[in-house]
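Novice: Every position in the sequence shown, counted from 1, becomes a number in this note's numbering once 219 is added.
Okay, handing you the structure first.
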Amino acid sequence: MRKIARLSLVAGAAAAVIGGAVVAAPSFATPGGGECELSGTANFHPGPGTDPAGAFAYDFSGNLTNCGDSTGGPAGFGSITGTITAGQTYVDANGGTHAEPVPTGTGSCATGNTSGVSFVKWSDGTESVISYQTTSAAAGVVLQGTVLSSYNLPDGTTVTSTKYSGDGAAGVLAFEVSDPTQCNSAGGVTNAGIDGFTGLGSSS
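Shown next as structure tokens:
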């Protein structure tokens, strides 16, 4: 996944119309590359509700599957998978556990912005640490970020990116609340499915 391909077709326009709302989308005008499908769950504490200025925090975990890579050709499609977490527990190579930083945001179920750091473990034994921001409108979420060369966890443990360091990250995702009435409750949404397409790569 050196360059973002299908994602550039999905997110390369100036704006993406998702769920009836317009969300600014990242632009990656690249001729080749790949992407992964993302499927996961975000747990909020507290969650977004009706206040457009409301603060919330969350953790996330998911799977990256059906990854395609133009550099590997058709034979390489789906050969690499990954797991992604944010605000959960990072497990190091020796089995030690470390708290990940908790992503935070402001907004409501209608619109919002978040930022955080996520940790990807690829099936080939490599890792990527991604600093990201998201913008949402209705059910649509656009993610933009950068793969960091390394990151120091709250306890001082350093996690190093051994795949895609310095590359960009982008995603077009759907925010799926199982119980929409929670958007009007005092505690806001407790959890939501996050599904869509993500890509890592560079334009050179």
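Quick reminder that beta carbons are idealized off the backbone N, C-alpha and C, glycines included.
1. Report yes if the CB atom of Phe275 is closer than 8 Å to the CB atom of Thr304, and no otherwise.
2. In three-state terms, what does DSSP make of Asn313?
3. Does the Cβ of Asn313 have 16 or more other Cβ atoms within 10 Å, making it buried, or fewer, making it exposed?
4. So what's Gln426 in DSSP terms, helix, strand or just coil?
5. With distance defined between alpha-carbon atoms, name the residue in Gly418, Ala318 and Gly326 nearest to Ala357.
6. Indicate the three-state DSSP secondary structure (helix, strand or coil) for Cys328 in the structure shown.
7. Going along the chain, which residues of its own chain have a beta-carbon closer than 7 Å to the beta-carbon of Asp270, five neighbours each way excluded?
8. Under the three-state reduction of DSSP, which class applies to Thr409: helix, strand or coil?
9. CA-CA distance, Thr400 and Thr381?
10. Ends of the beta strand (DSSP E) at Val360?
11. Between Ser334 and Gln307, how many whole angstroms is the CB-CB distance? I'm expecting something under 8 Å.
12. Could you tell me if Asn410 is buried or exposed, where buried requires 16 or more neighbouring beta carbons within 10 angstroms of its beta carbon?
13. Does DSSP put Thr300 in a helix, in a strand, or in coil?
14. Drop a sphere of 10 angstroms on the beta-carbon of Ala389, count the other beta-carbons inside from all chains shown, and report buried for 16 or more, exposed for fewer.
15. Would you kindly report the start and end of the unbroken beta strand (DSSP E) that includes Tyr277?
16. Which residue or residues does DSSP assign as beta-bridge partners of Gln352?
Specialist: Once the coordinates are examined:
1. In the sequence shown, the residue the question calls residue 275 occupies position 56. In the sequence shown, the residue the question calls residue 304 occupies position 85. No.
2. Taking the first residue of the sequence shown as position 1, residue 313 is located at position 94. Residue state, collapsed to three classes: coil.
3. Residue 313 sits at position 94 when you count from the first residue of the sequence shown. Under this definition Asn313 is an exposed residue.
4. Residue 426 falls outside the range modelled here, since the chain spans only 220 to 423, and no answer is possible.
5. For the purposes of this step, residue 357 is identified with residue 138 of the sequence shown, where counting begins at 1. Out of Gly418, Ala318 and Gly326, Gly326 has the C-alpha closest to the C-alpha of Ala357.
6. Locating residue 328 in the sequence shown gives position 109, counting from the first residue. Residue state, collapsed to three classes: coil.
7. As a working mapping, residue 270 is identified with position 51 in the sequence shown. The answer, listed in chain order, is Ser327.
8. Walking along the sequence shown from the start, residue 409 turns up at place 190. Correct three-state label for Thr409: coil.
9. As a working mapping, residue 400 is identified with position 181 in the sequence shown. As a working mapping, residue 381 is identified with position 162 in the sequence shown. Taking the straight line joining both Cα atoms gives about 42 Å.
10. Counted from its first residue, the sequence shown places residue 360 at position 141. Its beta strand (DSSP E) spans residues Gly359 to Leu367.
11. Along the sequence shown, one-based indexing puts residue 334 at 115. Along the sequence shown, one-based indexing puts residue 307 at 88. Between Gln307 and Ser334 the Cβ distance is about 16 Å, and since that is not below 8 Å, they are no contact.
12. For this step, residue 410 is matched to residue 191 along the sequence shown. When all chains shown are included, Asn410 counts as buried.
13. The residue labelled residue 300 in the question sits at position 81 within the sequence shown. Coil at Thr300, not helix or strand.
14. In the sequence shown, the residue the question calls residue 389 occupies position 170. Classification of Ala389: buried, given that the 10 Å Cβ count is 16 or more.
15. Here residue 277 is taken as the residue at index 58 of the sequence shown, counted from 1. Element bounds for Tyr277: Ala274 to Gly287.
16. In the sequence shown, residue 352 corresponds to position 133, counting from 1. Looking at the DSSP assignment, Gln352 forms a beta bridge with Ser334 and Gln363.
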